[in-house]
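Per my numbering, the sequence shown runs over residues 1 to 469. From the three backbone atoms N, C-alpha and C, an ideal C-beta is built for every residue, glycine too. Since the model is a prediction, treat every value here as computed from it, not as a measurement. Scroll down for the structure; my scribbles are underneath it.
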Amino acid sequence: MYQQAQALETETRYGQAIALYNQALTLFLEEGDDESAYECGEAARKLSIIQLTYPWTLEQLKQLIRDAYPHATDEQIESWTSGENVQQTQYDGEAHYFSDAVANLKYRHMDLMHADEVVQQAYHDLVGNINSIAQTEPALPWAQYHNPATYRGTHTISIPREELPKTGTIRVWLPIPINNGPQTGVTVDSISPEKWLKLPPSVDQDIGLVYMEVPMEELEEDLFIEVCFTFTHYEQRFAVDPSNIGEYDTDSDLYKSYTSPYGNTEINTEIREMAHSVVGDESNPYHAARKIYDYIVENVTYSFMPHFVFWPRTELTESTYVHRYQWGDCGAQSMYFSAMCRALGIPARTTGGWQLFSGEFSGHFWAEFYLPNYGWVPVDTSAAQAELYLKDIGDAQRRTFIDYFFANQDSMRCVVQKDTDVPLIPRVGNSVLLPMAIQTPAVEYSLPTSEILDEVILDHWTMQCVRIE
Numbered sequence: 001m002y003q004q005a006q007a008l009e010t011e012t013r014y015g016q017a018i019a020l021y022n023q024a025l026t027l028f029l030e031e032g033d034d035e036s037a038y039e040c041g042e043a044a045r046k047l048s049i050i051q052l053t054y055p056w057t058l059e060q061l062k063q064l065i066r067d068a069y070p071h072a073t074d075e076q077i078e079s080w081t082s083g084e085n086v087q088q089t090q091y092d093g094e095a096h097y098f099s100d101a102v103a104n105l106k107y108r109h110m111d112l113m114h115a116d117e118v119v120q121q122a123y124h125d126l127v128g129n130i131n132s133i134a135q136t137e138p139a140l141p142w143a144q145y146h147n148p149a150t151y152r153g154t155h156t157i158s159i160p161r162e163e164l165p166k167t168g169t170i171r172v173w174l175p176i177p178i179n180n181g182p183q184t185g186v187t188v189d190s191i192s193p194e195k196w197l198k199l200p201p202s203v204d205q206d207i208g209l210v211y212m213e214v215p216m217e218e219l220e221e222d223l224f225i226e227v228c229f230t231f232t233h234y235e236q237r238f239a240v241d242p243s244n245i246g247e248y249d250t251d252s253d254l255y256k257s258y259t260s261p262y263g264n265t266e267i268n269t270e271i272r273e274m275a276h277s278v279v280g281d282e283s284n285p286y287h288a289a290r291k292i293y294d295y296i297v298e299n300v301t302y303s304f305m306p307h308f309v310f311w312p313r314t315e316l317t318e319s320t321y322v323h324r325y326q327w328g329d330c331g332a333q334s335m336y337f338s339a340m341c342r343a344l345g346i347p348a349r350t351t352g353g354w355q356l357f358s359g360e361f362s363g364h365f366w367a368e369f370y371l372p373n374y375g376w377v378p379v380d381t382s383a384a385q386a387e388l389y390l391k392d393i394g395d396a397q398r399r400t401f402i403d404y405f406f407a408n409q410d411s412m413r414c415v416v417q418k419d420t421d422v423p424l425i426p427r428v429g430n431s432v433l434l435p436m437a438i439q440t441p442a443v444e445y446s447l448p449t450s451e452i453l454d455e456v457i458l459d460h461w462t463m464q465c466v467r468i469e
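In structure tokens form, the structure reads like this:
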């Protein structure tokens, strides 16, 4: 039965494959073969996640577009949903379309973006706020860090007991800030209940986590978890003198680590060739990084991404996907930037956690490249693209905004991890919903199952932010 399910999966007959994997899982459990049961559960979960990522048939997608844009013509809808204009995959005998396909339309068709007055106002406010920061001379022009902002964050998980398994253990990783360069003073102020905490919060590691184990047999009432933390984040200003950049220590661990491909920051032949094409004969790493930055801002269309179906769940990586389609969200663009920098021997990484432009936590990633004598220099291509979405913006405003997000960064950030694909602490046994990054709770269940318990946790999770000073 397990082999039959694998054959159906190879044929992309996912619905039937999931059913057989679940039947095989039950049989393996009855036989006491937990290892094979785990394999069946993971295989079924993977296919279910693909289905959740690409849920819509063509007719369903067209109806969703009509609902969102009642004035769209049949000709427009046909164009928007044809060929490679929309993210899709094949399974169960037909094309299925990305869950955020409708949300992506306004980024690909600026007339839709410009017609949305609420969005226009939000981007107008953001550009005005950032340009005001950019045009304010720092008190200490030679310093990298300025204008600290202190925030308090609160995770809350509250789940009715009946929505959780009766047995087994749920492992939960909650993202928290780390002390890292522009971010200091990280404290975890409270954890409730403390009895489920298994490790000290990792505020001084490569990834910030509160790790808990919840034994289901001991849980008699509703599940309630609350974690409160505080951190301070500084604005960054890098006044780089390109002629005063030192030499890279190519034998150092930092250089070797951050110029090598890893995980979703893949460097294939096409990406390497693109990097050399973009920078041409430029050998100065600062100027080369700026050329890559400008290329991505101008050429890669912002797009919500099917992150759940990338490496390690499949062989497809984020940087390769962005290169192939020239689409990408904040994290995907940043991994593409990092991959091209690494291809040229410039250390780079994709850093992130959350941005707080609206005053609340919202998942966000950006890139950093390393310069001797200066350290890690921030770059945010997707933030810089916000100027593209305004129908009324002057050239001077546009240039100020774009320039700010290269080698500068606002204080409305929270760093949770130094790079993507950083292992959780402790490592997962099988897989979590999004192995690449943690911006929401990550979940793993101790018993073999094909259920996606992450959905239950996320449906009952909230996060709040208060700026203290």
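Classify F224 as helix, strand or coil using the three-state DSSP reduction.
The residue given as residue 224 occupies position 224 in the sequence shown. Of the three classes helix, strand and coil, the one that applies to F224 here is strand, per DSSP.
Contiguous beta strand (DSSP E) assignments of at least 3 residues, all confined to the region 142-212:
145-159, 169-175, 183-192
Count the C-beta pairs between the region 256-267 and the region 441-455 that are closer than 8 Å, then say yes if the count reaches three, no if not.
no
Is the Cβ-Cβ distance between S303 and D329 less than 8 Å?
Position 303 of the sequence shown, counted from the first residue, corresponds to residue 303. Position 329 of the sequence shown, counted from the first residue, corresponds to residue 329. Yes; because the gap between Cβ atoms is below 8 Å, this pair is in contact.
So, A339 versus E273, is the Cβ gap smaller than 8 Å?
Here residue 339 is taken as the residue at index 339 of the sequence shown, counted from 1. Here residue 273 is taken as the residue at index 273 of the sequence shown, counted from 1. Going by C-beta atoms, A339 is not nearer than 8 Å to E273.
Looking only at its own chain, which residues have a Cβ that is under 8 Å from the Cβ of R13, when we skip the five neighbours before and after it?
The count along the sequence shown starts at 1 and reaches residue 13 at position 13. If we look at R13 and ignore the five residues flanking it on each side, its Cβ neighbours are Y91, D92, G93.
Nearest candidate by alpha-carbon position, reference A288, set R342, P193, D253, V300:
Counted from its first residue, the sequence shown places residue 288 at position 288. Among R342, P193, D253, V300, the Cα nearest to that of A288 belongs to R342.
Rounded to whole angstroms, what is the Cα-Cα separation between T187 and D204?
As a working note, residue 187 is residue 187 in the sequence shown. As a working note, residue 204 is residue 204 in the sequence shown. Taking the straight line joining both Cα atoms gives about 11 Å.
What separation, rounded to the nearest whole angstrom, lies between the Cα atoms of Q333 and E318?
Translated into the one-based positions of the sequence shown, residue 333 becomes position 333. Translated into the one-based positions of the sequence shown, residue 318 becomes position 318. Cα to Cα, the separation comes out at about 9 Å.
Nearest-angstrom Cβ-Cβ length linking E221 and R161, presumed shorter than 8 Å:
Looking up residue 221 in the sequence shown gives position 221. Looking up residue 161 in the sequence shown gives position 161. Their Cβ separation, rounded to whole angstroms, is 6 Å, which keeps E221 and R161 in contact under 8 Å.
Going by C-alpha to C-alpha distance, which of Y370, V119, P306, P448 sits closest to H96?
Here residue 96 corresponds to residue number 96 of the sequence shown, with the count starting at 1. Here the closest residue by C-alpha is P306.
Taking the alpha carbon of V227 as the reference point, which residue from A407, Q121, M212 has its own alpha carbon closest?
For the purposes of this step, residue 227 is taken as residue 227 along the sequence shown, with counting starting at 1. Here the closest residue by C-alpha is M212.
Residue from D395, D403, L390 with nearest C-alpha to T381:
Your numbering for residue 381 matches position 381 in the sequence shown. Per the Cα distances, D403.
From this set, F369, G353, Y370, L371, which residue's C-alpha is nearest G363's C-alpha?
Taking the sequence shown and counting its residues from 1, one reaches residue 363 at position 363. Of the listed residues, the one whose Cα sits closest to G363 is G353.
Rounded straight-line distance, which links the Cα of P347 to that of V377:
By one-based count along the sequence shown, residue 377 stands at place 377. By one-based count along the sequence shown, residue 347 stands at place 347. The alpha-carbon atoms of V377 and P347 are separated by roughly 10 Å.
Kindly list the residues whose CB is nearer than 6 Å to the CB of C414, restricted to its own chain and excluding five residues on each side of it in sequence; keep chain order.
Indexing the sequence shown from 1 puts residue 414 at position 414. Answer for C414: P177, G353, W354, listed in chain order.
Shortest alpha-carbon distance to E451 belongs to which of I18, D67, N268, S36?
Within the sequence shown, residue 451 is the residue found at index 451, counting from 1. With distances taken between Cα atoms, E451 lies closest to I18.
Beta-carbon within less than 8 Å of Y262's beta-carbon, same chain only, minus the 5 sequence neighbours each way: which residues are those?
Counted from its first residue, the sequence shown places residue 262 at position 262. Answer for Y262: D421, listed in chain order.
Looking at the strands, I want to know which residues DSSP matches up with F365.
Position 365 of the sequence shown holds residue 365. F365 is bridged to G352.
Residue environment, H233, which counts as buried when at least 16 other CB atoms sit within 10 Å:
As a working mapping, residue 233 is identified with position 233 in the sequence shown. Buried, since its Cβ has 16 or more Cβ neighbours within 10 Å.
Please work out which residues of its chain come closer than 8 Å, Cβ to Cβ, to I245, disregarding the five sequence neighbours upstream and downstream, and give them in chain order.
As a working note, residue 245 is residue 245 in the sequence shown. Only N284, P285, Y286, L371, P372, N373, Y374 meet the Cβ criterion.
When the Cα of S202 is compared with those of I425, T462, D74, P448, which residue comes out closest?
Looking up residue 202 in the sequence shown gives position 202. Nearest option by C-alpha distance: I425.
For V309, which residues from the same chain have a beta carbon less than 6 Å from its beta carbon, with the 5 sequence-adjacent residues on both sides left out?
The residue you call residue 309 lines up with position 309 of the sequence shown. Once the five neighbours on either side are set aside, the close Cβ partners of V309 are I50, T53.
Assign I457 to one of two classes, buried (16 or more other C-beta atoms within 10 Å of its C-beta) or exposed (fewer than that).
Taking the sequence shown and counting its residues from 1, one reaches residue 457 at position 457. Buried, because 16 or more other Cβ atoms sit within 10 Å of the Cβ of I457.
Considering Y14, what are the terminal residues of the alpha helix (DSSP H) in which it resides?
Position 14 of the sequence shown, counted from the start, is the residue given in the question as residue 14. Its alpha helix (DSSP H) spans residues 14-31.
What whole-angstrom Cβ distance do T350 and M335 have, given they're in contact under 8 Å?
Locating residue 350 in the sequence shown gives position 350, where the first residue counts as 1. Locating residue 335 in the sequence shown gives position 335, where the first residue counts as 1. About 5 Å separates the two Cβ atoms, so the contact holds.
Environment of T10 [buried if 16+ CB atoms lie within 10 Å]
Working through the sequence shown from its first residue, we reach residue 10 at position 10. Exposed.
Starting from W461, follow the beta strand (DSSP E) in both directions and report where the run begins and ends.
Taking the first residue of the sequence shown as 1, we reach residue 461 at position 461. From DSSP, the beta strand (DSSP E) with W461 extends over 461-467.
Contact the region 59-76 vs the region 101-112: 3+ CB pairs below 8 Å:
yes
Near I225, what residues of its chain come up, given a Cβ to Cβ distance below 6 Å and the 5 sequence neighbours on each side ignored?
For the purposes of this step, residue 225 is identified with residue 225 of the sequence shown, where counting begins at 1. The residues are I157.
List, from N- to C-terminal side, the beta strand (DSSP E) runs of 3 residues or more that fit wholly inside the region 76-153.
88-91, 94-97
Hey, out of I207, L174, I77, whose CA is closest to I191's CA?
Position 191 of the sequence shown holds residue 191. Looking at the Cα atoms, L174 is the closest of the given residues.
Given Q409, which residues of its chain have a CB within under 8 Å of its CB, disregarding the five upstream and five downstream residues?
Position 409 of the sequence shown holds residue 409. P182, E235, Q236, W366, P378, D380, listed in sequence order.
What are the complete alpha helix (DSSP H) segments, minimum 4 residues, inside the region 219-284?
253-258, 269-279
If you draw a straight line from the alpha carbon of F229 to that of E469, how long is it in whole angstroms?
Counting from one through the sequence shown, the residue named residue 229 turns up at place 229. Counting from one through the sequence shown, the residue named residue 469 turns up at place 469. In a straight line, the C-alpha of F229 is about 15 Å away from that of E469.
Taking just the CA atoms, how far does A115 sit from Y293?
Looking up residue 293 in the sequence shown gives position 293. Looking up residue 115 in the sequence shown gives position 115. Distance between the alpha carbons of Y293 and A115 is about 28 Å.
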